[in-house]
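Since the structure comes first, as structure tokens, the remarks are kept for the end.
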Amino acid sequence: MLERKQHLKNKAKSKDKKRKNKGKRALIVVAVLLLLGTGGYIFRKELSVVAFDLFLSGQVEKKLEKSYAPVEEQKPQQVPVEEKFKPFSMLLLGVDQRDNEPARSDTMIYAVVRPEESRVLLVSIPRDTYTEIVGRGKEDKINHAYAFGGAKMAKDTVTGLLDHPVDYYAAINFHGLRDIVDALGGVELPITKDIVNKQKDHEKFTIKANKPLYNGQEALNYVRYREDSDFNRTGRHQIFLNAIVNRMMKLDQVSKIPDLMDMMGENFKTDMMPSYIIDLSKQVLLGESPTIKGFTIMGEGFRKNGVYYDSVDKEDLEFAKQMIDSWSNPDTKPEDLLTPESRDQQDSTATTKE
330 MLERKQHLKN KAKSKDKKRK NKGKRALIVV AVLLLLGTGG YIFRKELSVV
380 AFDLFLSGQV EKKLEKSYAP VEEQKPQQVP VEEKFKPFSM LLLGVDQRDN
430 EPARSDTMIY AVVRPEESRV LLVSIPRDTY TEIVGRGKED KINHAYAFGG
480 AKMAKDTVTG LLDHPVDYYA AINFHGLRDI VDALGGVELP ITKDIVNKQK
530 DHEKFTIKAN KPLYNGQEAL NYVRYREDSD FNRTGRHQIF LNAIVNRMMK
580 LDQVSKIPDL MDMMGENFKT DMMPSYIIDL SKQVLLGESP TIKGFTIMGE
630 GFRKNGVYYD SVDKEDLEFA KQMIDSWSNP DTKPEDLLTP ESRDQQDSTA
680 TTKE
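According to the working numbering, the sequence shown is numbered sequentially starting from 330.
What follows is the structure, encoded as structure tokens:
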């Protein structure tokens, strides 16, 4: 009888302890949320990382596992701690896949990321660029590489064009992009004149100018519009990426991240390990707002067997390689990084001397 009473007493104590622990956890959550929203502005970034670590990183990592898609024969590689925040390259692929059609990479951007300085270089490659499709044994439009051989062929082909390796890739279906923009409440886009898609064989739409925010469908139409030129289109892709980053930094709502991952679902694929993405995310939260520099490799249009292609501008290509060299080198000081403006300064100096 005494043993039973003691057992019941211990059980009650255990329940009371669990209730206290739950209460403590709840208080921690409330305290962090209050600090993030009110008096903790000075330590806002640090607290965001604490909140992310405590309550969200596990959820996000599990959701990212669904998007983890290494290329053929690629083994998962843990990034050594000492190399975690060194510059790395990533091929950004905007995939336009509709029902019963093969996936095509409508957007191809070679990015060099310098995490410690929150700096990103975006080198856009127009989709009609005529180059060797590595692994295919022929020359064709560069965006066909993804259709022929997926992420691996796209990475190999861009590596061949730029003479620089692609460390990772990230592919997002444009339809997933639309949902993400809506989840963020829209994005700011510098549209000063109505954009009208009206050509005979194109999808018809109009994007009104001077709106404070544009929804997901409008943003999707913005990045897909190409009735002016392919080069202007690649510029819009860079503007859109910058707008997304700015919107997320302004909102500063860490709690939305798991929902965004759910929305991306099958629409997002990458060969960057989830744990590495988590570490980079925390680095971004602690850093300054990212500085993004964009450059487009121009070209001249020509036709071959009735098909339109772009012949890459050799000077643009060479300058792009020099910039990538500069940004990929961890020893390059921020003030010494080559940027698109650097080329403008070089051209201006050369003109003055003449």
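A virtual CB, placed ideally from N, CA and C, is assigned to each residue, including glycine.
Which residue or residues does DSSP assign as beta-bridge partners of residue i?
| i | result |
| --- | --- |
| A499 | L421, T599 |
| A572 | A572 is not bridged to any residue. |
| V641 | G628 |
| I438 | L421, S453 |
| Y543 | V516 |
| G280 | This structure does not reach residue 280, given that the chain is present from 330 up to 683, and the question cannot be answered. |
| V525 | T535 |
| Y397 | T599 |
| R443 | R448 |
My assumption, with CB atoms under 8 Å, is that residue i sits in contact with residue j. Please give the rounded CB distance.
| i | j | result |
| --- | --- | --- |
| M437 | V487 | 7 Å |
| S453 | H566 | 6 Å |
| A499 | L421 | 6 Å |
| M593 | S396 | 7 Å |
| K392 | M590 | 4 Å |
| V400 | I501 | Going by Cβ atoms, the distance from V400 to I501 rounds to 16 Å, so no, they are not a contact pair. |
| N544 | G515 | 5 Å |
| L549 | F503 | 6 Å |
| E517 | G489 | Not quite, the Cβ-Cβ distance comes to about 37 Å (not below 8 Å), so this is no contact. |
| I471 | P519 | Going by Cβ atoms, the distance from I471 to P519 rounds to 27 Å, so no, they are not a contact pair. |
| S657 | H493 | 7 Å |
| D523 | I536 | 7 Å |
| G684 | D608 | This structure does not reach residue 684, given that the chain is present from 330 up to 683, and the question cannot be answered. |
| L304 | Y439 | There is no way to answer for residue 304, as the model of the chain reaches only from 330 to 683. |
| P603 | E390 | 5 Å |
| P416 | P659 | 6 Å |
| N526 | E532 | 6 Å |
| Y638 | D511 | With a Cβ gap of about 36 Å, Y638 and D511 do not count as contacting. |
| A476 | T599 | Wrong, their Cβ atoms sit about 19 Å apart, outside the cutoff. |
| I653 | V441 | 6 Å |
Does DSSP classify residue i as helix, strand or coil?
| i | result |
| --- | --- |
| G594 | helix |
| T535 | strand |
| Y319 | For the chain, the structure presents residues 330 to 683; residue 319 sits outside this window and is missing. |
| G635 | coil |
| N561 | helix |
| S618 | coil |
| L609 | helix |
| Y370 | Its pLDDT being 40, under 50, Y370 is placed unreliably by the model, and the measurement read from it follows with that caveat. Here Y370 sits in helix by DSSP. |
| P669 | helix |
| E664 | helix |
| D654 | helix |
| K413 | coil |
| D530 | coil |
| A649 | helix |
Inter-stretch contact (C-beta, 8 Å, three-pair minimum) for the region 618 to 635 and the region 444 to 462 = With a cut-off of 8 Å, the region 444 to 462 and the region 618 to 635 count as touching, because enough Cβ pairs lie within range.
task = Kindly provide the ranges of any beta strand (DSSP E) runs that are 3 or more residues long and lie completely inside the region 449 to 523, ordered along the chain.
result = Listed in chain order, the complete beta strand (DSSP E) runs (minimum 3 residues) inside the region 449 to 523 are 459 to 462, 467 to 470, 497 to 502.
ask   = Is the region 558 to 577 close to the region 476 to 490, with three or more CB pairs under 8 Å?
value = The region 558 to 577 makes no contact with the region 476 to 490; the number of CB pairs closer than 8 Å stays below 3.
ask   = How do the region 463 to 470 and the region 647 to 665 stand: do at least 3 beta-carbon pairs fall below 8 Å, yes or no?
value = Because the criterion of three Cβ pairs below 8 Å is not met, the region 463 to 470 and the region 647 to 665 do not touch.
key: the region 551 to 559 in contact with the region 599 to 613 per 3-pair CB rule at 8 Å   = Touching, no.
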